[in-house]
Amino acid sequence: MGLGHRSKFTGTVRRERVNVGSKSEHDAVVLDTGAGPHLKLRVKGGNPFHDPALDAFVGLRVALEGVAGSGAPFVMVDSVADIQVLGPPGRPRNPAGPKF
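Under my numbering, the first residue of the sequence shown carries the number 809, and numbering increases by one thereafter.
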């Protein structure tokens with residue numbers, strides 16, 4: 809994954825501690841794709857340490873297209889509109905059933 813490489817990602821958004829042991833240690837919103845390290849989610853032009861726009865996605869399965877970073881694992885999207893919610897983690901959304 810080199811800087812400037814646009815890719816599609818699918819996974820569960822979580823909040824976890826990053827940069828443990830450094831002066832930039834903090835809780836961040838990350839994407840758990842199930843393969844490799846969790847990718848810190850960033851929005852272009854947003855705050856790199858805490859972006860409130862990403863809080864709404866914590867705990868959900870999402871699909872997104874963004875630029876993967878090199879060095880520290882992260883993925884940057886142009887805006888939160890580029891993040892598509894697929895459903896709760898680990899299970900697809902059920903279609904609406906009959907109402908009784």
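Beta carbons: idealized from backbone N, C-alpha and C, even for Gly.
Between the CA atoms of residue j and residue i - distance to the nearest angstrom
{"i": "D859", "j": "A843", "result": "24 Å"}
{"i": "V893", "j": "L868", "result": "7 Å"}
{"i": "A871", "j": "K852", "result": "17 Å"}
{"i": "H834", "j": "R823", "result": "10 Å"}
{"i": "D840", "j": "S815", "result": "15 Å"}
{"i": "L933", "j": "R825", "result": "The question about residue 933 has no answer here: the residues shown for the chain are numbered 809 through 908."}
{"i": "S832", "j": "A880", "result": "13 Å"}
{"i": "L847", "j": "I891", "result": "14 Å"}
{"i": "P896", "j": "T818", "result": "13 Å"}
Span of the beta strand (DSSP E), counted from its first residue to its last, around residue i
{"i": "S815", "result": "H813 to V826"}
{"i": "D835", "result": "H834 to D840"}
{"i": "G936", "result": "Because the chain here runs from 809 to 908, residue 936 falls outside it and cannot be looked at."}
Proximity below 9 Å, CB of residue i to CB of residue j
{"i": "A876", "j": "H813", "result": "yes"}
{"i": "H821", "j": "A861", "result": "Per the sequence shown, residue 821 should be read as Val rather than His. Cβ distance not < 9 Å, so V821 and A861 don't count as in contact."}
{"i": "V866", "j": "V828", "result": "no"}
6 Å Cβ shell around residue i - same chain, five flanking residues per side excluded
{"i": "G874", "result": "V883, M884 and V885"}
{"i": "P845", "result": "P881"}
Same chain only: Cβ atoms within 7 Å of residue i, ignoring 5 sequence neighbours per side
{"i": "P856", "result": "R850"}
Helix, strand or coil at residue i according to DSSP, with G and I counted as helix
{"i": "A843", "result": "coil"}
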